[in-house]
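For reference, the structure discussed in these notes is given below.
Number of protein chains: 2
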Amino acid sequence: MAGASIRDVARLAGVSTATVARVLRGTTPVSDQLRERVTSAVAELRYIPNAVARSLSRGRTHLLGLLVADIANPFFGEVARGLEDAAVAAEYQVLVGSSDLDAGRERRLLAAFEARTVDAVALTSTAADSAEINRLAATGMPMVFIDRRPADVPAPAVLIDNEAATHRAARYLIELGHTDLAMISGPRSMATAAQRLAGFRRACAESGITVRPECVREGHLGAAGGEAAMREVLALDPRPTAVLSFNNLLAVGALAAVRAAGVRIPAGISLLTFDDMPLFPFVDPPITAIAQPAYDMGREAAAILLDALSTPDGVRPADVVLPSDFRIRESCAPPR
Amino acid sequence: MAGASIRDVARLAGVSTATVARVLRGTTPVSDQLRERVTSAVAELRYIPNAVARSLSRGRTHLLGLLVADIANPFFGEVARGLEDAAVAAEYQVLVGSSDLDAGRERRLLAAFEARTVDAVALTSTAADSAEINRLAATGMPMVFIDRRPADVPAPAVLIDNEAATHRAARYLIELGHTDLAMISGPRSMATAAQRLAGFRRACAESGITVRPECVREGHLGAAGGEAAMREVLALDPRPTAVLSFNNLLAVGALAAVRAAGVRIPAGISLLTFDDMPLFPFVDPPITAIAQPAYDMGREAAAILLDALSTPDGVRPADVVLPSDFRIRESCAPPR
DNA sequence: ACATTCGGTGTCATCGGTGACATGGCGGAT
DNA sequence: ATCCGCCATGTCACCGATGACACCGAATGT
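Residue numbers (numbering that gives the first Met the number 0), protein chains in the order written: chain A, 0 to 335; chain B, 0 to 335.
Here it is as structure tokens:
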């Protein structure tokens, strides 16, 4: 039950622990005879090397820390999966944690990652507190941001061109004829939110459209926040004719609010959102969305991290900007 | 950069490492003066105890292994989140891995868990190979299954009453007037699939309805499998008037096939599925679903594991059967 | 024939904490 | 005053694997 140790194997094979290690890791040559004795001893004892001991001895855990806002959010699930697939291919495992965008929880998670000496961390969530993150980065821990990065942290990021993507989406609405647009945005402190809002504003400005201040809602993230924000938007007088949502959860909440208000999409109001979901094509009406390549973002992030780990000289890797995909469906139409 | 060790702290505070440990873990009493010196040394050096070393020394990693079929699947995401929330409350972290229902990948994941000496594992996926799992269980590693369990493994499980839930759903369809039902099931080797199919069959049998063999499709899991299975069902002559889907992904695929075939739900065919999704209420038409309490399942699983870890005497915990929720929406109607 | 090299193997300190045990000092009981 | 006991603290072996180093014997070079 207790699991055999390398000493047990060595004893059974009549060799030293060093020889066992050598056979196992195939590093230095070992005579065929001893190799044979060792491998059969390993098999007989069902010996499994203790990764904890190895980690302590080698100073490497082969663990990647992944900090997300909420692993239950399909977007982060995809990211996690992409990261995991790249990680396992390199014999790494993934330690995940959800921060819920709570600064305290985020801090505890990072502290845990540090204490466990994960080899590198990927972050997709960030409660503003970048001091903590900078301290971790300063220890030399390879680090990569996904989807967003606090302004003052000197680490690479994997993201899409949020400004351009939002600009394009907003232009699409404007070309449809909308002149009174609203945006359900994220917390102002979030870099992504600022970028998307900027793209939105630029598109409006370029067409001489004024965005009413009350048409920009900085909702709390999550479906409930989206619902509340949409309720407020619908109550506006005049009511905006098109709404752009900052992410998938917000959109789900917005959808609920629209339904509850008895408003039809796109007849009564047009809706467009960041983050595609597998069911969007089947919603009534199919939802137009800006799809982020979540899986690839996770994979790229892992690639950056693994690369940094294998070449410790350490030039800071460049950001990776992935293409987003604007998927036009039927949730937007010209205003009445 | 390299991180201070307990010896550095001890040296700076002018005490022994044991005293530092005692101050940190608050176990045995330490004089105020020394406590003071130690805490300030800890602060000055920004000392963070090395969890790897502690794990090796104590034989506990405070790590829970979670094996899911696919962390990108929202159902498993919810499970993971529930498990995580319960875990962090007890100062545990979660190591996740996706098996993709691939026996080899599952085996490697379990081997990694074992090598890392996680304190316990939760499994929601199972490629039939239970020998491997039994071997792990035999080492005394606390273990819990979520959603499904291989028949011959003596470990507790957290699940819903699949047979009853499916029976109820099938009855609902029958009471609507359907007499020709189909089921898009999962792989026969999966216990859950067998149970759900049994409930389905019992409901039919009780009403004197014969289920045509070709109406039970054992699809490959995943949206693509669901689409293929549904395409086959739609091609049947006569075409069944109602279909019950084994899980959320299968349903998404089925939805796509129905759309592609130009068939209307529920007018042309009724659809009902296991696993609810946040967007189901907004789909055209809103999808009737059997909701599993995924988050709670994760939490219960963690509770069982943590309990087993804190009371090592080890009575085998009983299964936890959670209620499912049958959410009737509009995707089912009487047959024409 | 002797020095040199090298392949194959063992020894042991080390990674950072932990806890059993040893030690020393002080107060209270007799 | 003496002994006991307890509290506070230090010492050190240990968890399991690793790798630097030492070592031995055989093959090669001159």
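Each residue gets a CB set at the ideal place from its N, CA and C atoms; glycine is no exception. Being a predicted model, the structure only gives us computed values, none of them experimental.
Residue i: first and last residue of the uninterrupted alpha helix (DSSP H) it sits in
i, result
"D84(B)", "73-88"
"S309(B)", "293-309"
"S54(A)", "50-57"
"F199(B)", "190-205"
"G225(A)", "222-234"
"V251(B)", "247-259"
"G103(B)", "102-114"
Coil, strand or helix - residue i by DSSP
i, result
"D7(A)", "helix"
"M0(B)", "Because M0(B) sits at a pLDDT of 48, beneath the cut-off of 50, its placement in the model cannot be relied upon, and the following sentence gives the value as read from the coordinates. DSSP places M0(B) in coil when its eight states are reduced to three."
"S344(B)", "Since the first residue shown for chain B is 0 and the last is 335, residue 344(B) is missing from the structure and cannot be characterised."
"V41(B)", "helix"
"D31(B)", "helix"
"T16(B)", "helix"
"T165(A)", "helix"
"F273(A)", "strand"
"L62(A)", "strand"
"L172(A)", "helix"
"I132(B)", "helix"
"V282(B)", "strand"
"V117(A)", "coil"
"V242(B)", "strand"
"D210(A)", "Inspection of the sequence shows that residue 210(A) is occupied by Val rather than by Asp. Reduced to three states, the DSSP call for V210(A) is coil."
"V22(B)", "helix"
"R36(A)", "helix"
Cβ-based neighbour list, residue i, same chain, cut-off 6 angstroms, excluding 5 preceding and 5 following
i, result
"L158(B)", "D146"
"R134(A)", "none"
"I132(A)", "V152"
"A256(A)", "E226, M229, R230"
"P333(A)", "L175, G176"
"L196(B)", "S184"
Residues near residue i in its chain [Cβ-Cβ closer than 8 angstroms; skip 5 each side]
i, result
"S39(B)", "A12"
"M0(A)", "For M0(A), the predicted structure reports a pLDDT of 47, less than 50, and the residue's modelled location is therefore unreliable. A value from the coordinates is still provided. Cβ within range, chain order: n/a, list empty."
"N246(B)", "F74, G185, L220, T272, F273, D274"
"V242(B)", "L180, A181, M182, I183, M229, V232, A253, I268, S269, L270, L271"
"I327(B)", "Y171, T287"
"G58(A)", "T116"
Continuous beta strand (DSSP E) stretch holding residue i: start and end
i, result
"M142(A)", "142-145"
"I70(B)", "It is not in any beta strand (DSSP E) - I70(B) carries neither H nor E in the DSSP assignment."
"L158(A)", "156-159"
"T138(A)", "No beta strand (DSSP E) holds T138(A); DSSP gives it neither H nor E."
"M182(A)", "180-184"
"V320(B)", "319-321"
"R369(A)", "For chain A, the structure presents residues 0 to 335; residue 369(A) sits outside this window and is missing."
"E217(A)", "215-217"
"G96(B)", "92-97"
"I264(A)", "Unbroken run through I264(A): none, as it is neither H nor E."
"A150(A)", "Per DSSP, A150(A) belongs to no beta strand (DSSP E) and is neither H nor E."
"A332(B)", "Where A332(B) is concerned, there is no enclosing beta strand (DSSP E), given that its DSSP letter is neither H nor E."
"I289(A)", "287-290"
Distance cut-off 7 angstroms: residue i Cβ against heavy atoms of the ligand FMN
i, result
"A302(A)", "The model depicted lacks the ligand FMN and carries no ligand whatsoever."
For residue j and residue i, believed in contact at Cβ under 8 angstroms, the rounded distance
i, j, result
"P239(B)", "A181(B)", "4 angstroms"
"A253(A)", "L270(A)", "6 angstroms"
"L347(B)", "V251(A)", "Nothing about residue 347(B) can be read from this structure; chain B reaches only from 0 to 335."
"E77(B)", "A266(B)", "About 32 angstroms; that fails the 8 angstroms criterion."
"A300(B)", "V143(B)", "5 angstroms"
"P149(A)", "S129(A)", "4 angstroms"
"V51(A)", "T60(B)", "6 angstroms"
"A290(B)", "S323(B)", "6 angstroms"
Nonlocal neighbours in the same chain, by C-beta distance under 7 angstroms from residue i, ignoring five residues either side
i, result
"E213(B)", "L235"
"V320(B)", "L158, I159, D160"
"A89(A)", "L305"
"S124(B)", "L66, V67, A68, S98, L100, E105"
Evaluate contact between the stretch 52-67 of chain A and the stretch 87-100 of chain A, counting only Cβ atoms and requiring at least three cross-stretch pairs below 8 angstroms.
yes
Between the stretch 277-292 of chain B and the stretch 276-284 of chain A, are three or more C-beta pairs nearer than 8 angstroms?
yes
Contact between the stretch 191-198 of chain A and the stretch 224-240 of chain A (3+ Cβ pairs under 8 angstroms)
no
Indicate whether the contact test is met: 3 or more Cβ pairs, each with one atom in the stretch 77-84 of chain B and one in the stretch 23-41 of chain B, closer than 8 angstroms.
no
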